[in-house]
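Residue numbers (the numbering used here): 31 to 154.
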């Protein structure tokens, strides 16, 4: 919440990954997203909107080191987890960690198959 007030786009995802609440103190009705937006931190507010359905630390794959990803996978964190709400199986539009990771990867192409340079695996 305080990281959102300050617009800290590095600290807010890290705190979120470790389960920090996105709500302020009980006497404050603002959410972290509302606070970030009210203070003009539009990039952080947008990240908070995109990540609201993330259910596990692995959903933060874009911000995690390979070592942290391996640790989470070995601990049994699901690649297919989706956010859930009472009475529903999942939140519509919520991507799984696997889908988020796939969206970060460049498109796959066959190297050396009609591409420039003609060099690919096994050539040369």
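Each residue gets a CB set at the ideal place from its N, CA and C atoms; glycine is no exception.
{"Query": "Cα-Cα separation, residue 36 to residue 55", "Result": "16 Å"}
{"Query": "Spatial neighbours of residue 126 in its chain, beta-carbon cut-off 7 Å, leaving aside the 5 residues before and after", "Result": "109, 110, 111 and 112"}
{"Query": "Residues that residue 53 bridges to, as DSSP identifies them", "Result": "61"}
{"Query": "Rounded straight-line distance, which links the Cα of residue 83 to that of residue 65", "Result": "18 Å"}
{"Query": "Run of the alpha helix (DSSP H) containing residue 46, from where it starts to where it stops", "Result": "41-47"}
{"Query": "Which of helix, strand or coil DSSP assigns to residue 84", "Result": "coil"}
{"Query": "Burial state of residue 138 (16 or more Cβ within 10 Å)", "Result": "exposed"}
{"Query": "Burial state of residue 76, where buried means 16 or more other Cβ atoms lie within 10 Å", "Result": "exposed"}
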